[in-house]
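Below you'll find the structure, written out as structure tokens, and then a few comments.
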Amino acid sequence: MSARGTEFRETLLGRVRLDGEDRERPVRLDLVARAGTVVLPHRTTRARLTGRVRIAGRADDAEAVGELEISPLARRRIRYRITFTLEGRRLELDGWKSLSPARPVTSMTVLPYSLHEDGRPAGQGTLRFPLGTGLLPFVASFRFPRTSAHDPGRDLAARWDGRPGRTEVWYTTLTDPATGTGVWLHHEVVAPTDGSAAYAHGWAALFPQDGPVRHARFGPVPATGGTDGFTAGDVRVAPGALSGSAGPLTWSLTETPQGPPVRTFPRWSWRHPWLPASHMLPASRCRYTGTVRHGDGEELRLDGAFGASARIYGHGNAARWAWLHADLGGGDVLEIVAAVSTRPGLDRLPPLVFLRLLRGGRTWPGRAERSAVGWAGAGRFTADLALPRWRVTGRAGLRRIRVTVTQPEERTLALDYTDPDGSAAVCRNSESADAEIHLERWWGRWRPEAHWRLAGTAHAEVGER
Amino acid sequence: MNPRTDTALPALTAAFLGDDGTTDWVRGVPRRLRTLLDAMPRSARTAVHGAALAVDAYALARTGRRLTALAPGERERLLARLAAHRTALPVLDALKVPVLLAAGTERMLHREAPAARPAADDPPLDCTPSAAWPNRSTADAVVVGSGAGGAMAARTLARAGLRVVVVEEGEHHTTASFAGRTPLDRFTGLYRDAGATIAYGAPPLVVPTGRAVGGTTVVNSGTCYRTPDHVLTRWRTIHGFAAADGLTTHLDEAERTLRVARQPLDVLGENGRLALSGARRLGWAAGPLRRNAPGCQGSCQCVVGCPTGAKQSVQLSVLPDACAAGARIVTAARVRRLLVDRDRPGGPRASGVLVSRPDGSELEILSPLVVVAAGALGTPQLLRRSGLGGHPGLGRNLSVHPAISVAGRFGTPVGGGQAVLQSVAVEELHADGILIEATAAPPGMSSFVLPGVGRALRDALEDTEHLATLGAMVADRPSGRVLGRHGTLLRYALAPRDAGRLLRAQRAMGRLLFAAGAEEVLTGVPHAPRAGDMAQLEALLADVAVRHLHVSAFHPTGTAAAGADEDRAPADPEGRLRGAHGVLIADGSVLPSCPEVNPQLSIMAAALAVTDRWLART
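Residue numbers (our numbering), protein chains in the order written: chain H, 247 to 711; chain X, 545 to 1162.
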């Protein structure tokens, strides 16, 4: 199954002669077609139809449903079967355009059809696609949305192929709704640039609402690579499960994906690692159940806590960066990575902001590149990286966003990072950060569209050299 | 028609019939001939007009005047001079066929008013003209053609509970409509190309096929032979036609449906009685034929639709049952091509038919099963038009039962009164592939061509009541081929063995007629037309080659034959077309070889077997 589907709208106008009537009536169909695959002209594609069927004076059903068979070359047929209600009767419209190379326009636009009621004829007529008024909206309505057939487990599989100078990270952050405690599990494989043996290591950290941040490191141990996740001693990341221990911390969690993947960076950068690094979430949010124990007898029992796992693969850490994962509730998620590359030249640029707002099943901005580079730099999103407060603002299309993240020092953990080339960075992380997000929409003037305030439930970090 | 042919053809007709103004009926012949030509395909029409112009040019060259300007006597002398050329004679003979057809009708009309027969009520059919059929419809099975095979397939599938639509190119003609019209009027409407379907070869063959609801069964003679056992054995063992297994049961069913019985002697007619007496005197095996016409009233018009409804053509016997089981018939609907889904898993699959109406508009019927029963001449072309004609065997293997006629002149009237058109079979030579059948067609519709031109021809026409006619058909080798995609384009190269059989049949028929008491035998050979006794006939025929004969052909079969050999048979042993799913062949074309007898029962039983097996599999 292809990763994308097809959606389009079509309006057809025509006439019908219902059985028992001596005159024809005008008919109008406004249809939305949704296919699970990309429509290819030489193949046969089936699509679901929904829409509105109107027969002047007799029927107006906005709940019409049906099926579309699109096969312009293989079967030379585009067949519509639509069931609708006419004065309490369920009628089926069955008709098809029969494509002919000799009459391409006529055969693509004329749809003769019959009406049936319980298999018996109930009328017939012809619909036409109004080329003059309908072609532009029809073409402009085409969308190729990604289908939901995504396996989050696939993105957990190790990417590192043994090459030196690479870093690969699996990290999970979550917040226990009962206690407000934040949890950070970080798993990392580092293949040093000098060719020495790759090693796996990581850490775990707890961010209680009212206590000091506790953390412990595990590893380093020689990296094995080539698994369906991460393994280092007793620490494991596998699809649906996280377990291990680091010092006094022991954890055993199940992970249940709850949303679509989030490509924080452009999709191609994850498939083809041409950027210094790429970041993505196999699922926009997950539920976690299990326990996290601290050696002194403290035990955190999680039952459906929300959080997310993320993946990073690249050449190392950025020169400066900031990251935010904000669970906005109701399945909505805001993910931000703002970073300055270490590469010569790129390191002179301001932070590139990759911002993905999943809201109501749609992602804004439409393309991941949009917030980072804008239109050749113009209109890109901006980031002001500082501590304890950092900000991201930007505008795309008719919306603009303002994000303010606060990482109070007492709820922030500073850790040293080591890149494959041996250089060091400091990361200040908080799994109990605050965030305030303003979303506005232009409608004559900028009007507030949504506002979220996260108190201690945002996951954020800022890194610097 | 340009002005020259407009005048040349009537003048030629007048010359042919020796019109000297003394005979009333001759005057109406040109008009009737024009009506007939208008119904013919353009090629045949052009050939006739071209020949008329050629004769006109000959007149101009010989006399300095055109045919119209010549006096009756001069015209007749000119034509006689032309007929003296042995090479021109066959052309004149071919021209004579439509003229005789028109003349026979005119003469009949002037002699007797068309009998107003009480119209019998036909069993009801669910027929819808294509103009009233929706542009888009669906069915469980579409049957292309409503002849012997199509009707039986439709009935079988409809009885199994499928929604069946039969698509028929011709019109629906009721018995009442037959009773109210002249034979020629019916002839032009009931035959494809107005009967002028020609198979090109030496000699060329006329292959008339029906085009109506009921197909050729509307215009056949009603003779119903079971497939001979040795033919069934050959189909099963040599060709691997699996559907031939158990065909005996299906033949029984077909016979029951058509109410087949031996023709009683009461309305047999003088023609049949003479054949019987001739055979008795020679000690030859002969008897009345088994026919599907219970209560036949001897109208002798089988070939233009039975005017009394006695003949159980499939539109009176099989299709009413099919319609009672839910089948519907679309008339005046020519299938342009089968719709084929080429991207189906497992290969192309038929998905319906594209049909054109007489006004040029189109309709489509979607169906997962298409039964092709367009006749042995139509099926290969239809499959080719549909892009399914890739099999090298498609259109080949055409058998046609080449046939000739011989007439005997008797001292006592033979025609007139009640008679069965095809009444008696003389089976003495059947084992040798020759079947003689006493056949008396309406005036001009016999495949026998009267000799002579001018007054002689007119006199011969006036004397047809004294003629008894026998026909002989031979079991042929599959020597023909259906070409092209449109129109009917046939090639037929008569095999030397079959040519020998035709010549032998001609002698045998002459002998039979003399034995029955004929004063003279008309051979139908242009340059050797008459023989007064057997010795004279033998002497005449010694000089006759098969190319001199006027050969008709009937019962085309085998052009999409079923068989086990993938390289030779376009259909598999169960009658499914190779190379596409969802296509059954259920007409004469599926028969692996010549059935050696009139094939209606064989085709019906094969169609029943093919559809039955398909149902059993699904």
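Even for Gly, the Cβ is constructed at its ideal location relative to N, Cα and C.
Source: prediction; values computed, not measured.
Could you run through the region 881-892 of chain X and flag, in chain order, every residue whose CB is less than 7 Å away from some CB of chain H? 885, 886, 887
Is there a Cβ from chain H that is less than 7 Å from the Cβ of residue 678 of chain X? The residue labelled residue 678 of chain X in the question sits at position 134 within the second sequence. Residue 678 of chain X counts as touching chain H.
Does any residue of chain X have a CB that is nearer than 7 Å to the CB of residue 341 of chain H? Here residue 341 of chain H refers to the residue found at position 95 when the first sequence is read from its first residue. So yes, residue 341 of chain H belongs to the interface.
Would you mind working out which of X/1162, X/1159, X/1148 sits nearest residue 1181 of chain X, comparing C-alpha positions? Residue 1181 of chain X falls outside the range modelled here, since chain X spans only 545 to 1162, and no answer is possible.
Using beta-carbon positions only, say whether residue 1024 of chain X and residue 942 of chain X come within less than 7 Å of one another. Numbered from 1 along the second sequence, position 480 holds the residue referred to as residue 1024 of chain X. Numbered from 1 along the second sequence, position 398 holds the residue referred to as residue 942 of chain X. Contact: yes.
Which whole-angstrom value is the C-beta distance of residue 642 of chain X and residue 592 of chain X, which I expect to be below 8 Å? Walking along the second sequence from the start, residue 642 of chain X turns up at place 98. Walking along the second sequence from the start, residue 592 of chain X turns up at place 48. The Cβ separation is near 6 Å, so the contact holds.
Using a C-beta to C-beta distance shorter than 7 Å, which residues of chain X count as neighbours of residue 358 of chain H? For this step, residue 358 of chain H is matched to residue 112 along the first sequence. Here the neighbours are 679, 680.
Please state whether DSSP places residue 862 of chain X in a helix, a strand or coil. As a working mapping, residue 862 of chain X is identified with position 318 in the second sequence. Residue 862 of chain X: coil per DSSP, three-state reduction.
For residue 895 of chain X, go through chain H and note every residue whose CB falls closer than 9 Å to its CB, in chain order. To locate residue 895 of chain X, count along the second sequence from 1; it is residue 351. What residue 895 of chain X touches in chain H: 321, 323.
Residue interval of the beta strand (DSSP E) (run including residue 359 of chain H): Along the first sequence, read from residue 1 onward, the residue named residue 359 of chain H stands at position 113. Note, residue 359 of chain H: beta strand (DSSP E), 356-363.
What residues from chain X crowd round residue 370 of chain H, counting only those whose CB sits closer than 8 Å? Residue 370 of chain H sits at position 124 when you count from the first residue of the first sequence. Within 8 Å Cβ-Cβ: 678, 679, 680.
Just by C-beta distance, which residues in the region 467-494 of chain H are closer than 8 Å to chain X? none
Of all the CB atoms in chain H, is at least one closer than 7 Å to the CB of residue 715 of chain X? Position 171 of the second sequence, counted from the first residue, corresponds to residue 715 of chain X. Not one chain H Cβ lies under 7 Å of residue 715 of chain X.
Give the residues from the region 906-923 of chain X that approach chain A closer than 7 Å (Cβ to any Cβ), ordered along the chain. Although the question refers to chain A, the structure presented lacks it and instead comprises the protein chains H and X.
Should residue 909 of chain X go down as buried or exposed, given a rule of 16 or more other Cβ atoms within 10 Å for buried? Against the second sequence, residue 909 of chain X aligns to sequence position 365. Per the 10 Å Cβ criterion, buried.
What residues from chain X crowd round residue 344 of chain H, counting only those whose CB sits closer than 9 Å? Taking the first sequence and counting its residues from 1, one reaches residue 344 of chain H at position 98. Simply 680, 883, 898, 906, 908.
Unbroken beta strand (DSSP E) run spanning residue 484 of chain H, endpoints: Locating residue 484 of chain H in the first sequence gives position 238, counting from the first residue. Taken as a continuous stretch (DSSP letters only), the beta strand (DSSP E) holding residue 484 of chain H covers 481-484.
Could you give the distance in angstroms between the alpha-carbon of residue 786 of chain X and the alpha-carbon of residue 1073 of chain X? Taking the first residue of the second sequence as position 1, residue 786 of chain X is located at position 242. Taking the first residue of the second sequence as position 1, residue 1073 of chain X is located at position 529. Residue 786 of chain X and residue 1073 of chain X: Cα-Cα distance of roughly 47 Å.
Between which two residues does the alpha helix (DSSP H) carrying residue 385 of chain H extend? For the purposes of this step, residue 385 of chain H is taken as residue 139 along the first sequence, with counting starting at 1. Element bounds for residue 385 of chain H: 377-386.
Check whether the Cβ atoms of residue 837 of chain X and residue 766 of chain X lie closer than 7 Å to each other. The sequence position of residue 837 of chain X within the second sequence is 293, counting from 1. The sequence position of residue 766 of chain X within the second sequence is 222, counting from 1. For residue 837 of chain X and residue 766 of chain X, yes; Cβs fall inside 7 Å.
What is the residue span of the alpha helix (DSSP H) that residue 1017 of chain X lies within? Counting from one through the second sequence, the residue named residue 1017 of chain X turns up at place 473. Looking at the DSSP string, residue 1017 of chain X is not in any alpha helix (DSSP H); the run it does join, the beta strand (DSSP E), is 1011-1018.
Among H/282, H/532, H/529, the one whose alpha carbon lies nearest that of residue 254 of chain H: Against the first sequence, residue 254 of chain H aligns to sequence position 8. Among H/282, H/532, H/529, the Cα nearest to that of residue 254 of chain H belongs to H/282.
Threshold first: 4 residues or longer. Then list the alpha helix (DSSP H) segments lying entirely within the region 602-679 of chain X, N to C. 616-628, 632-655
Cβ-Cβ separation, residue 478 of chain H to residue 447 of chain H (assumed contact under 8 Å), whole Å: For the purposes of this step, residue 447 of chain H is taken as the residue at position 201 of the first sequence. For the purposes of this step, residue 478 of chain H is taken as the residue at position 232 of the first sequence. Their Cβ separation, rounded to whole angstroms, is 7 Å, which keeps residue 447 of chain H and residue 478 of chain H in contact under 8 Å.
Cα separation between residue 583 of chain X and residue 817 of chain X? In the second sequence, residue 583 of chain X corresponds to position 39, counting from 1. In the second sequence, residue 817 of chain X corresponds to position 273, counting from 1. Each residue's alpha carbon lies about 36 Å from the other.
Going by C-alpha distance, which of H/540, H/511, H/561 is nearest residue 522 of chain H? Taking the first residue of the first sequence as position 1, residue 522 of chain H is located at position 276. Residue 522 of chain H has its Cα closest to that of H/561, out of H/540, H/511, H/561.
Using CA coordinates, which residue listed in X/1058, X/1060, X/815 is at the minimum distance from residue 961 of chain X? Start at 1 with the first residue of the second sequence, and residue 961 of chain X comes out as number 417. Among X/1058, X/1060, X/815, the Cα nearest to that of residue 961 of chain X belongs to X/815.
Could you please give me the residues that DSSP links to residue 526 of chain H through a beta bridge? Reading the first sequence from its first residue, position 280 is the one you call residue 526 of chain H. Partner(s): H/557.
Is the CB of residue 290 of chain H under 7 Å away from at least one CB in chain X? Along the first sequence, one-based indexing puts residue 290 of chain H at 44. Judged by the 7 Å Cβ criterion, residue 290 of chain H is in contact with chain X.
What is the DSSP secondary structure of residue 370 of chain H, reduced to helix, strand or coil? Taking the first sequence and counting its residues from 1, one reaches residue 370 of chain H at position 124. If DSSP states are grouped into helix, strand and coil, residue 370 of chain H belongs with the strands.
Chain-order list of residues whose beta-carbon lies under 6 Å from that of residue 594 of chain X (same chain, five-residue window excluded): Indexing the second sequence from 1 puts residue 594 of chain X at position 50. Cβ neighbours of residue 594 of chain X beyond the five flanking positions: none.
Taking all protein chains shown into account, decide if residue 423 of chain H is buried (16 or more other Cβ within 10 angstroms of its Cβ) or exposed. Stepping through the first sequence from its first residue, residue 423 of chain H is reached at position 177. Exposed, by the Cβ-count rule.
Quick one: which unbroken alpha helix (DSSP H) runs of 4-plus residues sit fully inside the region 703-752 of chain X? Chain order, please. 719-723, 727-734
Distance, residue 481 of chain H Cα to residue 474 of chain H Cα: Mapped onto the first sequence, residue 474 of chain H falls at position 228. Mapped onto the first sequence, residue 481 of chain H falls at position 235. Their backbone Cα atoms lie some 13 Å apart in a straight line.
Let's test the definition: count the other Cβ atoms within 10 Å of the Cβ of residue 1022 of chain X and tell me whether it reaches 16, buried, or not, exposed. As a working mapping, residue 1022 of chain X is identified with position 478 in the second sequence. When all chains shown are included, residue 1022 of chain X counts as buried.
Buried or exposed for residue 782 of chain X, going by 16 or more other Cβ atoms inside 10 Å? In the second sequence, residue 782 of chain X corresponds to position 238, counting from 1. That one is exposed.
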